[in-house]
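Working notes, beginning with the structure itself.
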Ligand SMILES: Cc1cc2nc3c(=O)[nH]c(=O)nc-3n(C[C@H](O)[C@H](O)[C@H](O)COP(=O)(O)OP(=O)(O)OC[C@H]3O[C@@H](n4cnc5c(N)ncnc54)[C@H](O)[C@@H]3O)c2cc1C
Ligand SMILES: *[C@@H]1O[C@H](CO)[C@@H](O)[C@H](O)[C@H]1NC(C)=O
Ligand SMILES: *[C@@H]1O[C@H](CO)[C@@H](O)[C@H](O)[C@H]1NC(C)=O
């Protein structure tokens, strides 16, 4: 029997925490348990893949997603923040105590990831930056596969994009699922850009391609509302494609192998708090898109991982691979900058009000279109090369509740307000690890980022912090605003001369926190002769048939900007490679 005739219905199971409905079929009807493709994780990459693999109608696609449909309030940037600490929509992974990060909170760095349809793209701060061409050229070098070079990836970036930003050019895509735009509302953005120009930097498109420059943040946003992988890629087709099915609240537990071929996925649904285990089979491929934390966890629990981890956890091995070993992330030190004009800043209690809510709904802009008051960014180099090693993000607000909380110990007058610049090391050399909890492999993985442990990373950070201060102290734009940095915020740094190199290092260690750009835990490399690689350049798990990883974990080196644009390009490219594979081989 033709596989496609097995399920002629749209079978779409949606569970909101309290009820469940299935469209296109009755709940009693047996649900088809075999699909061409099973995608584990309906996140940023997963929703994009689901859309592309189901486009032709030739292949049946199942998405297993651990979370539920995002709350519509997540589309409103200013309201989205309240979901970040809500386990129904986000997961928080606490790092092991770090030596060089977030010491003001005991060195425990919380790393967040979306756990909802759309994944991290649904809860993110929407900043849309491709990274530098050099990032992708490095991947091509590492894998020996030129198709990863920036000029060859460009079409995939473009296909994901519907560009409506301030820098239209042939670098951009139009008509793609992810609308990218620049809201008018951007606290202190004009001052930021003018200060950059004063210091001699060009104002440039951060994606066009990236160069040393100052830029506004552009966002995955349409009419002021969040565009996620769910709202951009999946929602427009969900329910109208008989060959596409999504099961929500479905957590994959284990990959099932027949010899060295991945054939199925065991998963658990938790509907109305009733756990129920099921298995689905894939006729063609299983694709892991569970993100930088959970794709490696699933591989290890299924017997693919480093020998020492599998042995210590007592997991029967399927294949020894370097899973979880190349963990990278972007960490940013925060410098508080006090300015003397409160009206220029975004102050949540003042700026979110019925008038601005009405404006948001009519015009799609204003304070409700901001996620905490970011406006300007910059790509700078501490070494004078033309490849940036620092990204600066300027937050024109006293804080982002639940993310970058307002600092209470800054002494200032009533007319002043604290803003913050985040200094982020874009191409860190430090490498961390993610392993299973060996005493309880079902609990959260053990994540040790080793942030800023490579001395080069720390040097770049300190130099970057010093360069950032020039923006606030050496430009008329910020001098006019009385910009100043408060002293004595960190008791542990009082032994260092204020603003000396060792002071900045101490300041970085106290404040550096994650921007949630984890990458590299299932890194790609050369297929056979690269012991560090988990997947090859076609994203196939080395030595295993029918299994790919497609998400941020395959990046061998993290890109030098926020990750979502790169994840979309990876997913677009992967869908081409997968469809190509099944076009050329008769099944
Ligand atoms: C709060 C926050 C803010 C961010 N801000 C920005 C930003 O402004 N700009 C930017 O470019 N990037 C940003 N990022 C980073 C970016 O969003 C991520 O790097 C990127 O979205 C990761 O995509 P992914 O496909 O690898 O994983 P995800 O999008 O995280 O998708 C993983 C999916 O798998 C699901 N899943 C996990 N385990 C299982 C399982 N066992 N079974 C079934 N499903 C499972 C999850 O629920 C999730 O839907 C931010 C991230 C966060 C968390
Ligand atoms: C603050 O900035 C606004 C907008 O530029 C300006 O109108 C106002 O006069 C400034 N206030 C002070 C106290 O400088
Ligand atoms: C492993 O899990 C156990 C039980 O949940 C917990 O007590 C322990 O702290 C965890 N170990 C690590 C290293 O996180």
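Residue numbers (mature numbering (1 follows the signal peptide of the UniProt record, and there is no 0)): -24 to -1, 1 to 563. Where a beta carbon is used, it is the ideal one built from N, C-alpha and C, also for glycine.
{"query": "The region 536 to 548 contacting the region 123 to 143, beta-carbon criterion three pairs below 8 Å", "result": "yes"}
{"query": "Any 3 or more C-beta pairs closer than 8 Å across the region 267 to 284 and the region 516 to 532", "result": "yes"}
{"query": "Burial state of residue 35 (16 or more Cβ within 10 Å)", "result": "buried"}
{"query": "CA nearest to the CA of residue 296, picked from 221, 279, 309", "result": "279"}
{"query": "Rounded distance between the beta-carbons of residue 405 and residue 432, thought under 8 Å", "result": "5 Å"}
{"query": "With 16 other Cβ atoms within 10 Å as the buried cut-off, status of residue 331", "result": "exposed"}
{"query": "Contact set for residue 414: own chain, Cβ-Cβ below 6 Å, skip 5 residues either direction", "result": "288, 289"}
{"query": "Proximity of residue 535 and residue 107 at Cβ, strictly below 8 Å", "result": "yes"}
{"query": "Buried or exposed (CB count within 10 angstroms, at least 16 for buried), residue 75", "result": "exposed"}
{"query": "Own chain, CB closer than 7 Å to residue 124, minus 5 neighbours either side, in chain order", "result": "112, 115, 116, 513"}
{"query": "Minimum length 3: unbroken beta strand (DSSP E) runs contained in the region 208 to 238", "result": "220 to 223, 226 to 234"}
{"query": "Which residues DSSP lists as bridging residue 526, in chain order", "result": "According to DSSP, which records beta bridges pairwise, residue 526 is partnered with nothing at all."}
{"query": "Alpha-carbon to alpha-carbon, residue 171 and residue 448", "result": "8 Å"}
{"query": "Heavy atom of ligand 3 within 7 Å of residue 419 beta-carbon", "result": "yes"}
{"query": "Pick from 222, 369, 205 that is closest to residue 15, judged by C-alpha positions", "result": "222"}
{"query": "Host beta strand (DSSP E) of residue 118 (start-end)", "result": "Counting along the chain, residue 118 falls outside any beta strand (DSSP E), though it belongs to the alpha helix (DSSP H) covering 109 to 119."}
{"query": "Three-state secondary structure assigned by DSSP to residue 424", "result": "strand"}
{"query": "Range covered by the alpha helix (DSSP H) that runs through residue 436", "result": "431 to 449"}
{"query": "Counterpart residues of residue 13 in DSSP-defined beta bridges", "result": "37, 261"}
{"query": "Nearest-angstrom beta carbon gap, residue 69 and residue 423 [assumed within contact, 8 Å]", "result": "5 Å"}
{"query": "Same chain, Cβ closer than 6 Å to residue 341, five either side skipped, listed in chain order", "result": "159, 160, 161, 200"}
{"query": "Buried or exposed (CB count within 10 angstroms, at least 16 for buried), residue 369", "result": "buried"}
{"query": "Where the beta strand (DSSP E) containing residue 197 begins and where it ends", "result": "195 to 198"}
{"query": "Alpha carbon of residue 476 to alpha carbon of residue 386, nearest angstrom", "result": "20 Å"}
{"query": "For residue 353, the first and last residue of its enclosing beta strand (DSSP E)", "result": "350 to 356"}
{"query": "Burial state of residue 255 (16 or more Cβ within 10 Å)", "result": "exposed"}
{"query": "Straight-line gap, residue 419 to residue 236 (C-alpha atoms, nearest Å)", "result": "27 Å"}
{"query": "DSSP state of residue 493 mapped onto helix, strand, coil", "result": "coil"}
{"query": "Cβ-based neighbour list, residue 383, same chain, cut-off 8 Å, excluding 5 preceding and 5 following", "result": "312, 374, 375, 394, 465"}
{"query": "Residue 416 CB to nearest heavy atom of ligand 3 below 7 Å", "result": "yes"}
{"query": "The alpha helix (DSSP H) enclosing residue 327, as first and last residue numbers", "result": "324 to 327"}
{"query": "Residue 243 beta carbon less than 8 Å from that of residue 229", "result": "yes"}
{"query": "Assigned secondary structure, residue 410 (DSSP; H/G/I helix, E/B strand, else coil)", "result": "strand"}
{"query": "Proximity winner among 455, 399, 518, relative to residue 481 (alpha-carbon distances)", "result": "399"}
{"query": "For residue 218, the nearest candidate out of 328, 338, 30 (CA to CA)", "result": "30"}
{"query": "Per-residue burial, residue 284 [other beta carbons within 10 Å of its own, 16 or more giving buried]", "result": "exposed"}
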